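These notes are about the structure you will find just below.
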Amino acid sequence: MATKLLCILACLLLHSACAAIPTNLEELLEPPRLSRRQAGVEDALKTSIGRDAITPRYPMSGGFRSPFVFYDLDGDGREEAIAFFTYNSSPDSIRARIFKEDEAGNWVMAYDLSGLNGIANRVDFIDFSYILSDSHPSILVGWRERNNATTFGVYTFIGGALRTEYESRYEILDISDYHDNELNQIAFVRRDFAGDLLLNLFGKISDGRFAELGSVYLSTEADEILSIKNGALRGSNRGIFIDIMLRDSTVATEVYEVSQSTLAPVISEDSELFQMTFRESAILSSGPDENGIVEIPRLVDLPGHVPEYELSPPPLTVFMRPARIAESREDGSVAEVWTLDEARSVVINNEDGYLVHFPDNWIGNVTVLLLPLSNEWKFHKVDHATNLTTVELLRIRVSSVTDWQDRMISDYTTVGEKGLYRYHAFIPPTTTSEPLAIEAHRLDEIFELL
1 MATKLLCILA
11 CLLLHSACAA
21 IPTNLEELLE
31 PPRLSRRQAG
41 VEDALKTSIG
51 RDAITPRYPM
61 SGGFRSPFVF
71 YDLDGDGREE
81 AIAFFTYNSS
91 PDSIRARIFK
101 EDEAGNWVMA
111 YDLSGLNGIA
121 NRVDFIDFSY
131 ILSDSHPSIL
141 VGWRERNNAT
151 TFGVYTFIGG
161 ALRTEYESRY
171 EILDISDYHD
181 NELNQIAFVR
191 RDFAGDLLLN
201 LFGKISDGRF
211 AELGSVYLST
221 EADEILSIKN
231 GALRGSNRGI
241 FIDIMLRDST
251 VATEVYEVSQ
261 STLAPVISED
271 SELFQMTFRE
281 SAILSSGPDE
291 NGIVEIPRLV
301 DLPGHVPEYE
311 LSPPPLTVFM
321 RPARIAESRE
331 DGSVAEVWTL
341 DEARSVVINN
351 EDGYLVHFPD
361 NWIGNVTVLL
371 LPLSNEWKFH
381 KVDHATNLTT
391 VELLRIRVSS
401 VTDWQDRMIS
411 DYTTVGEKGL
421 YRYHAFIPPT
431 TTSEPLAIEA
441 HRLDEIFELL
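Using the working numbering, read the sequence shown as starting at 1 and increasing by one per residue.
Right under this line is the structure:
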């Protein structure tokens with residue numbers, strides 16, 4: 001009888017849960033509800049054009065994802081609104097209108113803009129940055145054209161009118177204060193008419209215009225841009241770090257130092273350091289961290305023999321930092337040259353979301369054995385005479401809070417939690433006399449969640 005009642009209760013609960021699931025796909029895809037201010041702008045937009053004549057359009061990426069974006073565009077202390085939309089009669093042509101709020105709280109159209117003169121059909125992003133003045137921002141819009149090409153535009157809204165400062169095709173861009181002068185510049189990569197990749201730096205020049213501050217061609221073998229970052233270089237200048245994929249699918253990093261009017265190569269195709277950044281895996285440069293440091297990865301094989309029936313260990317990822325050193329020349333003079341300093345070495349478990357820092361005495365002496373059934377990584381010393389693993393130094397295991405917990409895990413120390421997952425470390429007691437052993441108090445130093 002009790003079993004029958006439980007079955008009936010389960011069926012009722014299941015029926016209730018299923019009833020709560022939307023059966024119409026459009027319900028699942030319904031956009032988020034508009035705020036009162038956004039609804040006010042939408043009402044003004046539809047009133048000025050026709051309620052059934054337009055469809056609001058959402059930016060695809062960035063920090064502003066609403067079709068109705070609010071920002072103080074002219075520096076008067078009051079926010080304007082930008083509305084993105086398409087006419088239903090021309091759904092492949094994106095438009096934008098700027099509205100100002102009057103004293104009565106009504107939104108009044110101030111300017112109408114056709115995205116790239118009707119060529120653009122989507123908005124990639126919208127952002128605001130102080131590029132030409134510290135009193136009012138520039139408007140940055142990324143447009144996507146019908147052929148999927150991407151273009152960014154820099155615009156200024158002053159005196160009720162929108163002025164186009166610059167528009168350019170781009171592959172990737174970064175907005176930052178490269179000159180430390182409280183105004184931002186834009187570093188971006190685009191293709192020239194021949195399809196070669198060109199790095200540009202644009203910003204405010206002496207006559208107040210937004211114009212080129214420097215440009216340089218990337219490697220002739222560069223095929224795709226993977227990332228662009230800005231980071232501190234030794235001294236007062238900053239650097240642009242670009243991860244690229246070459247035509248043979250090798251990943252590499254180029255670095256350029258930014259000065260007031262030039263982009264000077266630190267690591268480029270012509271540099272001896274360029275090949276030191278080559279890696280087969282698309283591991284991107286790390287950072288910038290809280291100190292503005294960007295590090296470039298290099299992959300190194302771990303030592304030890306791997307039997308055919310075992311999984312290969314992950315590579316050791318060595319993160320490097322560009323640094324200037326003084327080098328003596330044959331004529332007795334001293335010149336400053338760039339080098340790459342090794343900052344840290346780690347093994348990365350991308351699938352489970354963590355990394356383990358290798359102490360200096362582990363490098364070249366320790367390998368990792370993968371145990372997928374128990375979801376563990378085991379760190380073993382390698383005997384260089386036989387190239388075989390010997391003493392076990394550490395284990396890292398991942399478990400889910402929803403899983404049945406193995407009693408063996410009670411000997412492990414919890415070193416992290418993320419969502420439903422817990423991360424455990426175990427130091428075998430037999431390592432007490434081993435020079436490579438890790439002390440328990442150092443687990444927090446070497447384990448890091450991604």
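Glycine is no exception: its CB is placed at the ideal position from the N, C-alpha and C atoms. Because the structure is a prediction, the values reported are computed rather than measured.
Let me know the secondary structure DSSP gives N200 once reduced to three states.
For the purposes of this step, residue 200 is identified with residue 200 of the sequence shown, where counting begins at 1. Strand, per DSSP.
Could you check which residue in I98, F274, T317, I363 has the C-alpha nearest to that of E221?
Along the sequence shown, one-based indexing puts residue 221 at 221. Measuring from the Cα of E221, the nearest candidate turns out to be F274.
Does DSSP put D411 in a helix, in a strand, or in coil?
Counting from 1 along the sequence shown, the entry for residue 411 is found at position 411. In this structure, D411 counts as helix in the three-state DSSP scheme.
Between the alpha carbons of F202 and F210, how many angstroms are there, rounded?
One-based indexing of the sequence shown puts residue 202 at position 202. One-based indexing of the sequence shown puts residue 210 at position 210. Those two C-alpha atoms are separated by around 7 Å.
Taking all protein chains shown into account, do 16 or more other C-beta atoms lie within 10 angstroms of the C-beta of T402, making it buried, or fewer, making it exposed?
Your numbering for residue 402 matches position 402 in the sequence shown. By the 10 Å Cβ count, T402 comes out exposed.
Please report the distance separating the alpha-carbon of T277 from that of I348.
Residue 277 sits at position 277 when you count from the first residue of the sequence shown. Residue 348 sits at position 348 when you count from the first residue of the sequence shown. Approximately 18 Å, taken between the alpha carbons.
Mapping the DSSP letters down to three states, classify L183 as helix, strand or coil.
Taking the first residue of the sequence shown as position 1, residue 183 is located at position 183. If DSSP states are grouped into helix, strand and coil, L183 belongs with coil.
Below 7 Å CB to CB, which residues in the same chain sit around G287 once its five sequence neighbours on both sides are set aside?
Mapped onto the sequence shown, residue 287 falls at position 287. Cβ within range, chain order: K229, G231, I293, V294, E295.
Kindly list the residues whose CB is nearer than 7 Å to the CB of L29, restricted to its own chain and excluding five residues on each side of it in sequence; keep chain order.
Along the sequence shown, read from residue 1 onward, the residue named residue 29 stands at position 29. Low confidence applies here, because L29 scores a pLDDT of 47, under 50, leaving its location unreliable and the question unanswered by this model.
Helix, strand or coil for H441, going by three-state DSSP, please let me know.
The sequence position of residue 441 within the sequence shown is 441, counting from 1. Helix at H441.
How would you call Y217, buried or exposed, if buried means at least 16 neighbouring beta carbons within 10 angstroms?
Here residue 217 is taken as the residue at index 217 of the sequence shown, counted from 1. Under this definition Y217 is an exposed residue.
Roughly how many whole angstroms lie between the Cα atoms of D174 and H357?
The sequence position of residue 174 within the sequence shown is 174, counting from 1. The sequence position of residue 357 within the sequence shown is 357, counting from 1. Answer to the nearest angstrom: the Cα atoms are 30 Å apart.
Buried or exposed, going by whether 16 or more other CB atoms sit within 10 Å of the CB of E26?
Taking the first residue of the sequence shown as 1, we reach residue 26 at position 26. Because E26 carries a pLDDT of 36, less than 50, the predicted location of this residue cannot be relied on, and no value is offered for it.
According to the neighbour-count rule (16 or more other Cβ atoms, all chains shown, within 10 Å of its Cβ), is S135 buried or exposed?
Position 135 of the sequence shown holds residue 135. Per the 10 Å Cβ criterion, exposed.
Distance, Cα to Cα, T367 vs R163?
Numbered from its first residue, the sequence shown carries residue 367 at position 367. Numbered from its first residue, the sequence shown carries residue 163 at position 163. In a straight line, the C-alpha of T367 is about 60 Å away from that of R163.
Taking 8 Å as the cut-off, decide whether the C-beta atoms of F157 and L246 are in contact.
Taking the first residue of the sequence shown as position 1, residue 157 is located at position 157. Taking the first residue of the sequence shown as position 1, residue 246 is located at position 246. Not closer than 8 Å, so no.
Is the separation between the beta-carbon of W107 and that of A44 shorter than 8 Å?
Position 107 of the sequence shown, counting from 1, holds the residue named residue 107. Position 44 of the sequence shown, counting from 1, holds the residue named residue 44. For W107 and A44, yes; Cβs fall inside 8 Å.
According to DSSP, A161 sits in a beta bridge with which residue or residues?
Your numbering for residue 161 matches position 161 in the sequence shown. Answer is I158, bridged to A161.
Between which two residues does the beta strand (DSSP E) containing S286 stretch?
By 1-based counting over the sequence shown, the position of residue 286 is 286. No beta strand (DSSP E) holds S286; DSSP gives it neither H nor E.
Can you give me the start and stop residues for the beta strand (DSSP E) that A104 sits inside?
For this step, residue 104 is matched to residue 104 along the sequence shown. Per DSSP, A104 belongs to no beta strand (DSSP E) and is neither H nor E.
Could you give the DSSP three-state label for N349: helix, strand or coil?
Taking the sequence shown and counting its residues from 1, one reaches residue 349 at position 349. The answer is strand: DSSP assigns N349 an E or B state.
Alpha carbon to alpha carbon, how far is T413 from E445?
As a first step, residue 413 is located in the sequence shown; it is residue number 413 there, counting from the start. As a first step, residue 445 is located in the sequence shown; it is residue number 445 there, counting from the start. Computed Cα separation, rounded: 14 Å.
Run the CB neighbour count on R422, radius 10 Å, all protein chains shown included, and call it buried at 16 or more, exposed below.
As a first step, residue 422 is located in the sequence shown; it is residue number 422 there, counting from the start. It is buried - the Cβ of R422 has at least 16 other Cβ atoms within 10 Å.
Between the C-alpha atoms of E417 and H424, what's the straight-line distance to the nearest angstrom?
Mapped onto the sequence shown, residue 417 falls at position 417. Mapped onto the sequence shown, residue 424 falls at position 424. Looking at the two C-alpha atoms, the distance is approximately 9 Å.
Return yes when at least one heavy atom of the ligand HEM lies under 7 Å from the C-beta of E434, else no.
Absence of the ligand HEM from the depicted structure is noted, as is the absence of any ligand whatsoever, leaving it without description.
For the putative contact between L299 and T317, defined by C-beta atoms under 8 Å, what is the C-beta separation to the nearest angstrom?
Counting from one through the sequence shown, the residue named residue 299 turns up at place 299. Counting from one through the sequence shown, the residue named residue 317 turns up at place 317. With 8 Å as the limit, L299 and T317 qualify as a contact, their Cβ atoms being about 6 Å apart.
Could you tell me the alpha carbon to alpha carbon distance between I495 and P297, rounded to whole angstroms?
Because the chain in this structure spans residues 1 to 450, residue 495 falls outside the shown range and cannot be described.
Would F128 pass as a contact of P137 if the rule is Cβ separation under 8 Å?
Numbered from 1 along the sequence shown, position 128 holds the residue referred to as residue 128. Numbered from 1 along the sequence shown, position 137 holds the residue referred to as residue 137. The answer is yes: Cβ separation under 8 Å.
Between R122, I205, A437, which has its C-alpha nearest W61's C-alpha?
On the sequence shown, position 61 is the one that residue 61 refers to. Just to set this straight, residue 61 is Ser in the shown sequence, not Trp. Of R122, I205, A437, the residue nearest in Cα terms is R122.
Within 10 Å of its beta-carbon, does R95 have 16 or more other beta-carbons around it, so buried, or fewer, so exposed?
Taking the first residue of the sequence shown as 1, we reach residue 95 at position 95. By the neighbour-count rule (16 or more Cβ atoms within 10 Å), R95 is buried.
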